[in-house]
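Chains as they are written, first to last, in this note's numbering: chain E, 1 to 206; chain W, 207 to 342.
Think of the CB as a built atom: it goes at the ideal place given N, C-alpha and C, for glycine as much as any other residue.
Working notes for the structure below.
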C-alpha cells in the first residue's frame, strides 16, 4: 500500500504503542520503507484520543485531520472477530491519495473525533507512570498505577490490554477474553465512526 | 532537596525538588530543563509565549515551581506521585479536544527503533496515514 501510493505524495507513519523490545521483532520482520516510531509513553494516543489498535487517522498536506480515527486492520486476519473488511479502508485511501476524494464531509470529520475527558488524560498519566516504574524495577508501583488507570478508563484497550504485559499478564489469555466479554456487554464502546457496515455504506454510496 | 523524575511527553528528566507531603516543589531551572517552561519576572515562558503566574500564587514560590499547581496554567494535566518521586504531564483534555474539533493534527517527536528521533511535522506537504499498532 505504501509503495503503491508513495510516488503520489503519500506516506504511512507507524507508531508502536509498545516498549521498544516488544516492537522490535515486528518492525524488523516488516522491514518497512516508511517511518516507524516507538511510543512507549503513548504520547500519540494522548494527543489524538486513540483507545485501541490498530487505529488510523488521515492527515492532509496542511496537517489537518481529514478522516476520523477508526479501527483499521491491515488485513482480514481477524475479520470474523471484528466484522471489518480491510479493503473498504484501503479503497478509500487510494481514492483520497489519487484525486482527493474524502469519505466524510469535513464537519463530520470534526464531529467524529474521540476527544478525551479529564479522567481519560489522568488514566493515560497513570499508565505512563506505571510503565516508567516498571522500567525502573518497581513492579508494585507499576501495578498500583496501572490498576488506577484501568478504573479511570475501563474501556480503553491501550490501557487495559496494553497494560497486561507491563504487569506480567498475558494479553492473549483468559483475562483478555474476559475483558472482551465485559466490553461487549457494555455495548463495545469505541470510536464514533468505528462501524464496518457504516463505512461500507459510505464507501459504496448506498 | 531530593531528586525526582519529571515525565513530559516521552522525555524523562531528573530534577531537584522539595517534597512536602503530596506537594512537590521543583527547582525552576530543572523544571525548565524538563518542560521547556522558563521562570521569568513576567511569568513562565517558552519561546515567545509567556503565561502570567499571578492568578495562581501557589504555583511558584521562592524560585521553585509547584509541580501540580502549575499544570492548568500551561494547559497540562499533572500526576504527582510524591512518595515515589515521579511527576508526569499530559496535554489537558480541553487542549486536545479543541485541537481535534478544529481538525488540527498534533505534532510529536518519538524515537525510531535505532533511537534516532523522528518528528512528524518534518514530513511536510504530503498526505499522511498515521497508524498506531502494538504487539499486544
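- For the set W:255, W:287, W:249, W:254, the Cα lying nearest the Cα of residue 276 of chain W is the one of W:249.
- In the three-state DSSP reduction, residue 10 of chain E falls in the strand class (E or B).
- Judged by DSSP secondary structure, residue 287 of chain W falls within the beta strand (DSSP E) whose first and last residues are 282 to 287.
- With a threshold of 8 Å between beta carbons, residue 47 of chain E makes contact with chain W.
- Closest by C-alpha distance to residue 152 of chain E, out of E:145, E:129, E:138, E:119, is E:119.
- The beta carbon of residue 8 of chain E is closer than 6 Å to those of 97 in its chain, skipping five residues each way along the sequence.
- At least one CB atom of chain E sits nearer than 8 Å to the CB of residue 302 of chain W.
- Here residue 111 of chain E carries a helix assignment [DSSP, helix/strand/coil].
- Counting C-beta pairs with one atom in each stretch, the region 305 to 321 of chain W and the region 38 to 58 of chain E have three or more that are closer than 8 Å, which means they touch.
- Interface annotation for the region 306 to 322 of chain W against chain E: 306, 307, 308, 309, 310, 311, 312, 313, 314, 315, 316, 317, 318, 319, 321, criterion Cβ-Cβ distance under 9 Å.
- Membership of residue 87 of chain E in any beta strand (DSSP E) is not indicated; the residue belongs instead to the alpha helix (DSSP H) covering 86 to 99.
- In this model, residue 259 of chain W and residue 305 of chain W are separated by some 24 Å (Cα to Cα).
- Listed along the chain, the chain W residues whose CB falls inside 9 Å of the CB of residue 180 of chain E amount to none; the nearest CB is some 13 Å away.
- When CB distances to chain E are screened at a threshold of 8 Å, the residues of the region 262 to 283 of chain W falling below it are 283, in chain order.
- Contact of residue 50 of chain E with chain W by beta-carbon distance below 9 Å involves 338.
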